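K.L.:
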Amino acid sequence: MFMEHIASRTRNTHTSEKELSSMSININLELTDHCNLKCTMCSQSMRDEAHGVPHRFMKWETWRESLNNLRDFPDEIQLCPHWLGEPTLHPDFDRFISYAFGINHNNQIFRGFRLHTNAVLFSEERSRLLLELAQLPFIKDDTFNFIHFSLDAFSKDTYHIIKGKDTREMAYRNILRFLALRSKLGYLRPFVSMGFVVQPNNAHEAQEFLNFWEQNLSDHSVDFDWQHKECDSIYFRRLNTDNQEKSDLLFMNTLSKLGFEQTKLMRGTESF
1 MFMEHIASRT RNTHTSEKEL SSMSININLE LTDHCNLKCT MCSQSMRDEA HGVPHRFMKW
61 ETWRESLNNL RDFPDEIQLC PHWLGEPTLH PDFDRFISYA FGINHNNQIF RGFRLHTNAV
121 LFSEERSRLL LELAQLPFIK DDTFNFIHFS LDAFSKDTYH IIKGKDTREM AYRNILRFLA
181 LRSKLGYLRP FVSMGFVVQP NNAHEAQEFL NFWEQNLSDH SVDFDWQHKE CDSIYFRRLN
241 TDNQEKSDLL FMNTLSKLGF EQTKLMRGTE SF
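Per my numbering, the sequence shown starts with residue 1, numbered consecutively.
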């Protein structure tokens, strides 16, 4: 079945039932399982059909009905229009997202929203739209809290190896333009997360990646799980693989070379 709705509530062994009852529910309403890249660590590059069924785009009626069914849900909803596909590929992406925010008066549909994208289809017009949606007066200031940009490389050659296409310059240019526009408009949100999944073919570029984004982000954190601070983030993530011990060792060694303490790199509760 095409994955249009995935709801999850994460917990660890120390989470009480009371704490669990007050946790947000994460809902992924996947706009499409099509993708314009073939990242080596993603199922998009491992099989022709990401979910094992033909690729599809979500229908407008499904999106509208799904959102309206969340109205006044008793738990806080964290909404994301992504799972294995690239959401901005949907031909009506702007319309879908505008509708979601337009009906979210007083956050009665969703409390938080995050976007995951590879930034290839991220025009100035789309950047401006997303920035304006984040500032709507009838939602909480931190509703649209961050955009996660999946980059995973610094150089053009490594980007091609990891992502499968030569769109590095386009992605970087689009992100830098978004940051410049956010600054020009004087907006704080949405924050950005610069993603780098550490793996054998890109570990040697971790330092360059870190240096570049530290130069282009003002107030930011460096994270090894989803950021918890109210600022932009450079996010290094370990690769999930069949040989997890080897992957974890590469991750630890790579980040140690960048000067981060081992204790800060311990595996936490990560989410996609």
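Yeah, the Cβ is synthetic: ideal placement off N, Cα and C, and Gly gets one too. In this text the structure is predicted, and so the values were computed from the model without any measurement.
(1) In whole angstroms, what is the alpha-carbon distance linking His82 and Glu124?
(2) Taking the alpha-carbon positions, what's the Glu214 to Asp157 distance?
(3) From which residue to which residue does the beta strand (DSSP E) around Leu115 run?
(4) Quick test of your reading: Thr32 and Gly85, contact by CB under 8 Å. State the CB separation rounded to the nearest angstrom.
(5) How is Gly164 classed by DSSP in three states: helix, strand or coil?
(6) Would a C-beta distance cut-off of 9 Å place Leu37 and Val120 closer than the cut-off?
(7) How long is the line joining the alpha carbons of Glu65 and Leu130, rounded to whole angstroms?
(8) Buried or exposed for Gln78, going by 16 or more other Cβ atoms inside 10 Å?
(9) Quick check: the stretch 166–174 against the stretch 214–233, are at least 3 beta-carbon pairs closer than 8 Å?
(10) Taking 8 Å as the cut-off, is the C-beta of Arg182 nearer than that to any heavy atom in the ligand SAM?
(11) Exposed or buried, Glu205, counting other C-beta atoms within 10 Å across all chains shown (16 or more means buried)?
(12) Tell whether a beta-carbon distance below 9 Å holds between Phe290 and Ala153.
(13) Where do the N-terminal and C-terminal ends of the alpha helix (DSSP H) with Tyr99 fall, by residue?
(14) Quick one: using the 10 Å Cβ neighbour count with 16 as the cut-off for buried, is Trp60 buried or exposed?
(15) By DSSP, does Gln108 sit in helix, in strand, or in coil?
(16) Could you please give me the residues that DSSP links to Val198 through a beta bridge?
(17) For Arg182, collect the residues of the same chain with a Cβ closer than 7 Å to its Cβ; drop the 5 residues on either side in sequence, then sort them by chain order.
(18) Assess contact between the stretch 90–97 and the stretch 140–149, defined as three or more Cβ pairs (one per stretch) separated by less than 8 Å. Is contact present?
(19) In chain order, what residues of the same chain have a beta carbon less than 6 Å from the beta carbon of Ser150, not counting five sequence neighbours either side?
(20) Count the other C-beta atoms from every protein chain shown that fall within 10 angstroms of the C-beta of Ser16, then say buried if there are 16 or more, exposed otherwise.
P.N.:
Concretely, from the data shown:
(1) 21 Å
(2) 21 Å
(3) Gly112 to Thr117
(4) 4 Å
(5) coil
(6) yes
(7) 22 Å
(8) buried
(9) no
(10) Only the bare structure without any ligand can be found here, which leaves the ligand SAM out of the picture.
(11) buried
(12) Absent from the structure is residue 290, since the part of the chain shown begins at 1 and ends at 272.
(13) Phe93 to Gly102
(14) exposed
(15) coil
(16) Arg238
(17) Leu131
(18) no
(19) Asn118 and Gly195
(20) Model confidence at Ser16 stands at a pLDDT of 39, short of 50, so the residue's coordinates are unreliable; what they give is reported in the following sentence. Exposed: under 16 other Cβ atoms inside 10 Å.
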